[in-house]
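Just so you know, this note's numbering puts the end of the sequence shown at 523, numbered straight through with nothing missing.
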Amino acid sequence: MSPPTSPDSPRRDVYTAADLPDFDPDGTLGVPGQFPFTRGVQATGYRGRAWTMRQYAGFTSAAETNTRFHELLTAGQTGLSVAFDLPTQMGYDSDDPLAHGEVGRVGVPIATLEDMDRLFADIDLGSVSSSMTINATAAILLVFYEVTARRRGTDPRGLRGTIQNDILKEYLARGTHIFPPAPSLRLVTDTIAYCAAELPAFHPISISGYHLREAGATAVQELAFTLANAIAYVEGALAAGLAFDTFAPRLSFFFAAHNDLFEEVAKFRAARRLWAYLARDRFGSTDPRSQAMRFHVQTAGSTLVAQQPETNTVRTTVQALAAVLGGTQSLHTNALDEALGLPTPDTARLALRTQQVLLHESGLAEPIDPLGGSYYVESLTNAIEAGVGAELDRIASLGGTLAALEAGYQAGEIGEAAYNAQQTIESGEAIVVGVNAYTDGSETARPAPQQIDPRAEADQVARLAAWRGARDAAPLAAALAELHAAATGTANVLPRIRLCAEAGATLGEIAGQLRSAWGEYRA
Numbered sequence: 001m002s003p004p005t006s007p008d009s010p011r012r013d014v015y016t017a018a019d020l021p022d023f024d025p026d027g028t029l030g031v032p033g034q035f036p037f038t039r040g041v042q043a044t045g046y047r048g049r050a051w052t053m054r055q056y057a058g059f060t061s062a063a064e065t066n067t068r069f070h071e072l073l074t075a076g077q078t079g080l081s082v083a084f085d086l087p088t089q090m091g092y093d094s095d096d097p098l099a100h101g102e103v104g105r106v107g108v109p110i111a112t113l114e115d116m117d118r119l120f121a122d123i124d125l126g127s128v129s130s131s132m133t134i135n136a137t138a139a140i141l142l143v144f145y146e147v148t149a150r151r152r153g154t155d156p157r158g159l160r161g162t163i164q165n166d167i168l169k170e171y172l173a174r175g176t177h178i179f180p181p182a183p184s185l186r187l188v189t190d191t192i193a194y195c196a197a198e199l200p201a202f203h204p205i206s207i208s209g210y211h212l213r214e215a216g217a218t219a220v221q222e223l224a225f226t227l228a229n230a231i232a233y234v235e236g237a238l239a240a241g242l243a244f245d246t247f248a249p250r251l252s253f254f255f256a257a258h259n260d261l262f263e264e265v266a267k268f269r270a271a272r273r274l275w276a277y278l279a280r281d282r283f284g285s286t287d288p289r290s291q292a293m294r295f296h297v298q299t300a301g302s303t304l305v306a307q308q309p310e311t312n313t314v315r316t317t318v319q320a321l322a323a324v325l326g327g328t329q330s331l332h333t334n335a336l337d338e339a340l341g342l343p344t345p346d347t348a349r350l351a352l353r354t355q356q357v358l359l360h361e362s363g364l365a366e367p368i369d370p371l372g373g374s375y376y377v378e379s380l381t382n383a384i385e386a387g388v389g390a391e392l393d394r395i396a397s398l399g400g401t402l403a404a405l406e407a408g409y410q411a412g413e414i415g416e417a418a419y420n421a422q423q424t425i426e427s428g429e430a431i432v433v434g435v436n437a438y439t440d441g442s443e444t445a446r447p448a449p450q451q452i453d454p455r456a457e458a459d460q461v462a463r464l465a466a467w468r469g470a471r472d473a474a475p476l477a478a479a480l481a482e483l484h485a486a487a488t489g490t491a492n493v494l495p496r497i498r499l500c501a502e503a504g505a506t507l508g509e510i511a512g513q514l515r516s517a518w519g520e521y522r523a
């Protein structure tokens with residue numbers, strides 16, 4: 001028997017009406033589609049609109065990733081999600097010496113507008129929703145996407161999608177940061193303001209608990225630290241003169257779905273309620289669109305195992321079930337071979353089919369918040385909400401999100417939680433099927449992983465050299481100088497990034513100007 005994934009939310013065997021003696025006295029449960037949105041942001045649930053099936057993809061080259069996008073769209077995917085390689089995430093061009101050996105390995109390399117155009121070849125950017133998992137260089141990739149759409153004649157005001165752009169969690173858990181926290185927060189704020197003016201249908205940030213959970217956070221910590229980061233972003237935008245209800249409707253969130261089905265459902269329900277009260281009572285929101293938390297969910301990569309990898313399909317299904325029962329707006333289901341490498345077309349298709357079976361064959365889309373009113377689920381929702389509130393109070397007592405980050409509080413708590421969880425696995429207290437129990441000798445069998453073409457990096461570098469050779473040097477130099485001046489001053493840098501992109505600047509050249517102005521962060 002495995003223990004609860006969050007030991008700070010202890011559970012009993014039986015729940016009754018006695019666990020909810022004052023059940024919903026002030027309307028905290030409410031009804032779907034209404035404040036505080038515990039039961040979902042849509043009154044009709046999935047009857048009116050199914051969740052977006054957004055499978056994450058990106059590898060080798062823009063052309064090969066584009067082929068995978070078309071395969072997924074043909075298979076019934078309803079939104080695109082881009083994975084970028086490490087050099088792109090860290091602001092290096094594919095020909096930078098620091099990029100050698102990493103080009104196209106964990107995502108698609110994007111160094112130029114040509115790369116972005118190849119990535120979305122024969123895809124109508126005005127009709128597809130694109131999510132880009134990118135943080136330190138999110139503003140640059142967003143502008144590349146916008147300029148690509150403009151050059152195709154697509155109205156940028158109609159572009160739909162999301163950039164992750166959540167830099168604070170990079171300092172806490174993931175590490176793909178470039179600049180120090182203060183200018184990084186400014187870049188996020190500039191992006192929010194730019195989207196409000198130029199790309200009003202695009203989500204300028206997806207505040208992410210997923211990576212915190214992957215690093216070892218409990219469900220309570222995942223939610224608490226994510227909301228603390230959200231508070232910091234909102235306060236930055238308010239300090240820049242933006243009114244909350246002008247940008248908050250386009251804020252989105254990103255959470256993990258783990259194996260403890262009911263805890264995950266309760267986490268999602270508590271998340272909506274907590275955000276609704278924060279938006280209304282702390283930030284003075286009067287717009288229900290600002291108060292309704294919308295989020296994407298990805299099943300938990302950290303739960304996937306290399307031993308008996310076919311069992312990962314079951315894990316992913318349970319996690320997807322939790323996301324749907326919890327009311328997600330979009331979902332990525334991991335493939336069974338992702339503990340070994342990038343998913344193959346076959347395993348990626350099976351992951352997508354998992355969502356389609358849940359939508360069309362399980363009956364899940366018929367009831368709205370089907371677990372609402374359950375003694376257990378409501379009690380667990382309340383317990384998670386209380387735990388998150390205590391964590392937020394603790395962060396506030398440390399001086400807020402940035403002060404707590406600099407003191408190492410969140411990272412320390414996540415590290416301790418990860419250590420404790422690993423200890424339960426190594427002791428056998430927590431069972432992982434096929435790893436520390438139910439082993440039968442099949443653990444060494446491995447499906448063939450997705451192969452990376454060894455020529456791909458050289459091809460990408462050659463394309464980049466040709467791009468550099470075709471540019472007009474004078475307008476390029478002027479645009480880069482204007483960006484540097486804006487970065488060292490107070491002007492919004494995104495219009496200057498756009499000038500650079502239109503002049504043919506590469507991602508690395510744009511990031512280089514920001515590095516020069518702001519410096520780099522070393523933990």
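Where a beta carbon is used, it is the ideal one built from N, C-alpha and C, also for glycine.
- Among the bridge pairs identified by DSSP, GLN55 is matched with LEU80.
- Within the stretch 146–181, no complete alpha helix (DSSP H) segment of 4 residues or longer occurs.
- One Cα belongs to GLU310, the other to LEU350, and the distance between them is close to 11 Å.
- Annotation for ALA335: PRO343, THR347, ALA348, ALA351 place their beta carbon closer than 6 Å to its own, counting only its chain and skipping 5 residues before and after.
- Here VAL318 carries a helix assignment [DSSP, helix/strand/coil].
- Taking each of GLU391, ALA523, PHE254 in turn and checking the Cα distance to ALA323, the smallest one comes out for PHE254.
- When the Cα atoms are used, ALA396 and VAL234 turn out to be separated by approximately 15 Å.
- In the three-state DSSP reduction, HIS203 falls in the strand class (E or B).
- Contact between GLY104 and ILE452 is confirmed by a C-beta separation of about 6 Å, below the 8 Å threshold.
- Going by DSSP, LEU304 is part of no beta strand (DSSP E) at all; its letter is neither H nor E.
- When DSSP reads this structure, LEU251 sits in a beta bridge with ILE205.
- The continuous stretches of alpha helix (DSSP H) do not include PHE37, and DSSP gives it neither H nor E.
- Around the C-beta of ASN420, fewer than 16 other C-beta atoms lie within 10 Å, and the residue is accordingly described as exposed.
- Contact check for LEU331 and ALA339: beta-carbon distance about 20 Å, past the 8 Å limit, so the pair fails to qualify.
- Inter-segment contact for the stretch 62–77 and the stretch 420–436 is absent: fewer than three beta-carbon pairs are separated by less than 8 Å.
- Judged by DSSP in its simplified three-state form, HIS100 adopts coil rather than helix or strand.
- Excluding the 5 residues flanking it on each side, SER442 has same chain C-beta neighbours closer than 7 Å at GLN308, in chain order.
- Counting along the chain, MET132 sits inside the beta strand (DSSP E) bounded by residues 129–133.
- For GLN513, the CB contacts under 6 Å within the same chain, skipping 5 residues up- and downstream, are LEU480, LEU483, HIS484 in chain order.
- Between the beta-carbon of LEU380 and that of PHE262 there is about 6 Å, and that keeps the pair under the 8 Å contact cut.
- Unbroken alpha helix (DSSP H) stretches of 4 residues or longer found wholly inside the stretch 351–430: 375–397, 401–406, 409–427, given in chain order.
- In the three-state reduction of the DSSP assignment, PHE295 falls in the strand class.
- Bridge partners of LEU331 according to DSSP: MET53, VAL297.
- Burial is judged here by how many other beta carbons sit within 10 angstroms of a residue's own beta carbon; SER516 has fewer than 16 and is exposed.
- Taking the Cα positions, GLU378 is about 18 Å away from ALA257.
- A residue is called buried when at least 16 other Cβ atoms come within 10 angstroms of its Cβ; TYR46 meets this threshold and is buried.
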